[in-house]
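When we follow my numbering, the leftmost residue of the sequence shown carries the number 1478, and every step to the right adds one.
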Amino acid sequence: MRERDLPMSNQPFGTRLRAAMNQRGPLCVGIDPHAHLLDSWGLPDTAEGLASFTYGVVDALAEHVAVFKPQSAFFERFGSAGIAVLEQATIRLREAGALVIIDAKRGDIGSTMAGYASAYLAEKGPLACDALTVSPYLGFGSLQPAIDEARAAGAGLFVLALTSNPEGPQFQSARTTAGQTVAGAVLDGLRELNAEADDLGSFGAVVGATIKSTDENLDIRGPLLAPGLGAQGGTVAGLTEIFGAAVRNVLPSSSREILGAGPDATSLRDAAARTNESFRTVLGY
């Protein structure tokens, strides 16, 4: 039976995420099939090469890693054939007990946002996943259709807040009419959504592991997706400096350092295990 035809757990995403991290460790593996990674695996930069690469990662790691984050753009560039690989990979990962965050950074208003939410978050949506990355820069309220769909399906959202790209502060550090930063307003909105969570809420923030430090309050009672580790300059040791008391809610994401160990399945598992262990030590899992 296809995973999208199965009922989603009646537990909210935040609860399932904490349980998965406790069981398998906090590592989130990014599946980012860059052309150079396909080449390093001896694969062509085609839909067929994409499929071989993606399913190689799935077969090697799906039963060992808690969370995967496929980057939609690297699948979309191959059109419908690439989207089919993303859909099938998501199904197979979830069947193996892993959680899947599709990194698509969708952001729009009204019925358009509702359409994105239906595709990615509805229980029987064609790309049904456990959580979706979204952009709040049309206003936090523009996310409401996705928030509603996530709640109905037991799914989650990761909202861009303090990203690792150098251009991010131009918007994220700007002040709202109320005087707080835009990033602070996003974090406040997430904190409100997670207010009734017993442990970990389902509405998380994307906070880059390369920002070094921040005066923003990152204790949003929800998960903190931290890309930018490894090749982009973020370090395991730096996580405590950035996230402080909220560090145990961090979901650290690593991609090239693990995927570059392929295509050998044992080498992929060994790279993931080493990285996961380093995160376990710092984050307390």
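Glycine residues also receive a C-beta, built at the ideal position from the N, C-alpha and C atoms.
Rounded to the nearest angstrom, the gap between the Cα atoms of Tyr1762 and His1541 is 15 Å. The Cβ atoms of Gly1502 and Asn1753 lie closer than 9 Å to each other. Remark: C-beta atoms of Gly1633 and Pro1700 approach each other more closely than 9 Å.
Excluding five sequence positions before and after Lys1546, the CB atoms of its chain that fall closer than 6 Å to its own CB belong to Cys1505, Gly1507, Ile1578, Asp1580, Ser1730, given in chain order. Gly1502 carries a coil assignment under DSSP once its states are collapsed to helix, strand and coil. Sorting Ser1588, Phe1551, Ile1568, Ala1682 by C-alpha distance to the C-alpha of Ala1638 places Ala1682 at the top. Take the alpha-carbon of Ala1629 and the one of Leu1598: they are about 9 Å apart. At a Cβ-Cβ threshold of 9 Å, Ala1596 and Leu1604 count as neighbours.
Linking Leu1576 to Ala1497 through their CA atoms gives a straight-line distance of about 8 Å.
Per DSSP, Asp1741 lies in no alpha helix (DSSP H) and is assigned neither H nor E. Val1544 is the residue among Asn1642, Lys1582, Val1544 whose C-alpha sits nearest the C-alpha of Gln1500. Inter-segment contact for the stretch 1486 to 1494 and the stretch 1516 to 1534 is absent: fewer than three beta-carbon pairs are separated by less than 8 Å. Between Leu1664 and Asn1694, the CB-CB gap stays under 9 Å.
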